[in-house]
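Read the structure below first, then the notes.
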Amino acid sequence: MDFLSPYRPQLLSILRIASALFFLEHPSAKFLAFPHVAYFDNLDPLSWPIGISGIIETVFGLLLLVGLWSRLAAFILSGEMAVAYFYFHISHGGILPILNMGEGAVMYCFAFLYLAAAGPGPWSVDAMMGRKTVTA
Amino acid sequence: MDFLAPYRPQLLSVMRIAVALVFLEFPSAKFLAFPYDPHLSGMSPFDWPAGVSGVIEGAFGLLLLFGLWGRLAAFILSGEMAFAYFIAHAPQGFFPLLNNGLAAVVFCFIFLYLAAAGPGPWSIDAARKTSTI
């Protein structure tokens with residue numbers, strides 16, 4: 001069952017790009033209404049906590065997507081998701097992710113923490129610029 | 001910003017364990033009513049597709065949690081989540097944010113990476129020294 005092992009570096013980049021794209025749907029829905037989510041209509045970008053968190057998600061989500069300063073971006077977003085989970089989801093539905101709608105936040109939190117340690121992989125701006133990255 | 005790099009192998013295991021625990025809530029809700037979910041609980045294991053998929057999720061989710069045959073379990077679950085996304089969620093809309101399929105796609109890609117990366121040092125596989133980190 002090791003046939004995928006040779007592709008681990010590329011799959012690290014794929015994990016980073018896929019999770020960043022899904023993640024970017026949240027700020028995109030908040031500020032661009034794309035896709036449209038009625039809950040986010042007329043959201044003030046400076047409102048606390050949803051607007052401010054949307055700005056953080058946009059900036060660092062884009063950096064993570066292209067793989068620029070991506071360890072830093074992943075680390076910040078991992079922390080943001082931990083705050084979102086404890087601040088928002090637990091207060092809305094208890095500790096279990098399946099009931100409080102927080103599965104996304106938990107999984108982003110741990111995946112981004114891993115990406116902060118593992119780096120962006122070979123398909124990234126960091127790698128193109130020759131920055132020292134762990135790609136294995 | 002490399003201070004976490006030395007802990008990469010351990011964080012691989014942490015991600016595996018955390019994601020497997022979140023994942024196991026689904027078969028647990030389906031068959032054990034823990035936590036109780038009005039859409040899932042009380043399901044027969046033979047219902048197609050949600051019950052049968054719950055059996056797959058329970059069996060391979062536990063293997064993944066403990067890291068026994070972790071690559072195989074992750075590969076099967078990644079495929080299952082891709083299947084679930086396209087048959088259950090994609091018909092409800094294109095965007096994962098709106099078709100309730102966000103968890104399925106994120107599981108799918110994390111499991112695919114785990115199938116390539118292995119279960120990490122904190123796993124039964126590592127203790128048995130079969131497949132490595």
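As given, the protein sequences belong to chains A and B, one line each in that order. Going by this note's numbering, the letters in the first sequence line up with residues 1 to 136, in that order. Going by this note's numbering, the letters in the second sequence line up with residues 1 to 133, in that order. The beta carbon of each residue, even a glycine, is placed where N, CA and C say it ideally should be.
Item: CB contact check: B:Glu25 to chain A, cutoff 7 Å; Value: yes
Item: Presumed contact (8 Å Cβ cut-off) between B:Ala117 and B:Leu12, rounded CB distance; Value: 6 Å
Item: For A:Thr135, three-class secondary structure by DSSP; Value: Note that A:Thr135 has pLDDT 48, beneath the 50 cutoff, so the model's placement of it is unreliable and the number below is only indicative. Of the three classes helix, strand and coil, the one that applies to A:Thr135 here is coil, per DSSP.
Item: Partner residues on chain B for A:Tyr114, Cβ-Cβ distance less than 8 Å; Value: Arg8, Leu11, Leu12, Val14 and Met15
Item: Nearest-angstrom Cα separation, counted from A:Phe31 out to A:Leu12; Value: 29 Å
Item: A:Ser78: first and last residue of the uninterrupted alpha helix (DSSP H) it sits in; Value: Ser70 to Ala84
Item: Three CB pairs or more closer than 8 Å across the region 52-72 of chain A and the region 20-34 of chain A; Value: yes
Item: Buried versus exposed call for B:Asp125 [16 or more other C-beta atoms within 10 Å across all chains shown]; Value: buried
Item: Neighbouring residues, chain A, relative to B:Val105 (Cβ below 8 Å); Value: Ala18 and Phe22
Item: Member of A:Tyr87, A:Ala73, A:Val59 and A:Phe110 whose CA lies at the smallest distance from the CA of A:Trp48; Value: A:Tyr87
Item: Where the alpha helix (DSSP H) through B:Pro27 begins and ends; Value: Arg8 to Leu32
Item: Opening and closing residue of the alpha helix (DSSP H) in which A:Lys163 lies; Value: Nothing about residue 163 of chain A can be read from this structure; chain A reaches only from 1 to 136.
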